[in-house]
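**Student:**
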Amino acid sequence: MNPRATRSDTRRALTEREVGDMLGLSVATLRAWRHRGKGPRFLRLGRSVRYLPSDVADFVRASAVDTTSVSSSDDESEIGELPL
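Under this note's numbering, the residues of the sequence shown are numbered 48 to 131, in order.
This is the structure we're talking about:
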């Protein structure tokens, strides 16, 4: 279990549908991700699958991608042109 999980996390574990709604994903996508070992950590309670809010938040943070862009003040290229 996530060491940062709180008691309220375990009392309010989220369903597949709730996590899908939060992330804009279908339940089928979450199931496919679990099968492939991707997506947020989950709990299997009997036949039920639940997600701790802290695990979903950790997954979202880990999925963030930093972009690097060159501002027009740093480069004289026009929009749409690639610097050489």
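All C-beta atoms, glycine included, are put in the ideal place defined by N, C-alpha and C.
Treat the numbers as computed from the prediction; the structure is a model and nothing was measured.
Can you name the residues that DSSP bridges to residue 96?
**Tutor:** Walking along the sequence shown from the start, residue 96 turns up at place 49. DSSP, once it has assigned bridges, lists 91 as partnering residue 96.
**Student:** DSSP puts residue 61 in a beta bridge; with which residues?
**Tutor:** For the purposes of this step, residue 61 is taken as the residue at position 14 of the sequence shown. Note: residue 61 sits in a beta bridge opposite 98.
**Student:** How about residue 96 and residue 106: are their beta carbons less than 7 Å apart?
**Tutor:** Numbered from 1 along the sequence shown, position 49 holds the residue referred to as residue 96. Numbered from 1 along the sequence shown, position 59 holds the residue referred to as residue 106. The answer is no: Cβ separation not under 7 Å.
**Student:** Roughly how many whole angstroms lie between the Cα atoms of residue 109 and residue 87?
**Tutor:** Against the sequence shown, residue 109 aligns to sequence position 62. Against the sequence shown, residue 87 aligns to sequence position 40. For residue 109 and residue 87, the distance between alpha carbons rounds to 10 Å.
**Student:** Could you name the residues of the same chain whose beta carbon sits closer than 7 Å to that of residue 62, not counting the 5 residues immediately before and after it, in chain order?
**Tutor:** One-based indexing of the sequence shown puts residue 62 at position 15. Cβ neighbours of residue 62 beyond the five flanking positions: 97.
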